[in-house]
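See structure below.
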Amino acid sequence: MQIDPRIVKQLIEYQMMNSIDLTGTTLQGTQNGDTDSFFNQMLQELMAGGSSTDSVSSLANASLSTSSAAGGINLDPGNSQLWYQMISQALSDGGSDLVSSITNDTPATASSVQGSGSSTAYDGLIAEASRKYGVPEALIKAVIDTESSFRPHVESSAGAKGLMQLMDGTARGLGVSDPFDPAQNIDGGVRYLSYQLKRYGGEIKTALAAYNAGPGKVNGLGVSNDAELMDKLHQLPVETQQYIGKIERAMAKYA
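With our numbering applied, the sequence shown corresponds to residues 358 to 612, in that order.
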């Protein structure tokens, strides 16, 4: 069996996704040993010529149960499905886009936002990042609009920089060496946003809350979808409560 290197890349990115938030800090409650062990088991299954979809699926489900009981890595049912789809893709001969296959399976969430709307100075970079990470252009534009008003050199009082307001630690973790460079900032910011969309099964409000406040705070509420988030939204910082509404209003301009 020949492994598609894109799938291995996705596995590595998923491992990173569980250990970094927008402030560049390690997520609370994440046990790196558990994450590494699970990742390595998955990779071993992938590289074993006799591996079957059923065996990999069983491993994902077993790891889900174990990690939940131990309070370790956050492998909720949505993430387990993500793993299953990634492994299934690697074991097949198909070459369809992985991110599209995942988002298209989620109901009326990120995949339903199709428009790119009003033109901006960064349309080319946004379109490229959208294709690369499977995040709708309208959502990317709305985040940039809200975060920086499309000003590439803006820096917040907290130290967030550039178009998508990346903190230094996060920028480094995403491979961004110059957060004021539009190409690097957009690529890194959209990549990080795609992590949150995958983490929460394409639920836009929940992903945006994680992008703004950090997935640690969102996970601390015990929510995994938009309906649950809205019930507990008042427990998040006021800035995050307002942030979600701002993004949704901005998206209307670019839909």
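Glycine residues also receive a C-beta, built at the ideal position from the N, C-alpha and C atoms.
In the same chain as E504, and ignoring 5 residues on each side of it, the C-beta atoms closer than 6 Å to its own belong to M521, Q522, in chain order. Following the DSSP letters along the chain, one finds G491 in no alpha helix (DSSP H), marked with neither H nor E. Taking a 10 Å sphere around the C-beta of P572, we find 16 or more other C-beta atoms and assign the residue as buried.
For L590, same chain residues with a beta-carbon under 7 Å away, outside a window of 5 residues either side, are Q598 in chain order. Boundaries of the alpha helix (DSSP H) harbouring K610: 595–611, taken from the DSSP string.
Excluding sequence positions up to five before and after P594, its CB lies within less than 7 Å of the CB of A570, all in the same chain and listed in chain order. By the C-beta density criterion, G481 is exposed, having fewer than 16 other C-beta atoms within 10 angstroms. Going by beta carbons, G519 and F507 fall outside the 7 Å limit. In the DSSP annotation of this structure, the continuous segment of the alpha helix (DSSP H) that includes L565 starts and ends at 561–570. Between Y490 and R548, the gap from beta carbon to beta carbon is short of 7 Å.
The beta-carbon distance between S487 and I501, rounded to whole angstroms, is 12 Å. This is too long to meet the 8 Å contact definition. Counting the other CB atoms within 10 Å of its CB gives R556 a total of 16 or more, which places it among the buried residues. According to DSSP, residue pairing for L590 in a beta bridge does not occur.
A direct Cα-Cα distance of roughly 11 Å separates S514 from M524. Beta-bridge analysis with DSSP links K518 to E512, L523. CA-CA distance, Q592 to L578, rounds to 8 Å.
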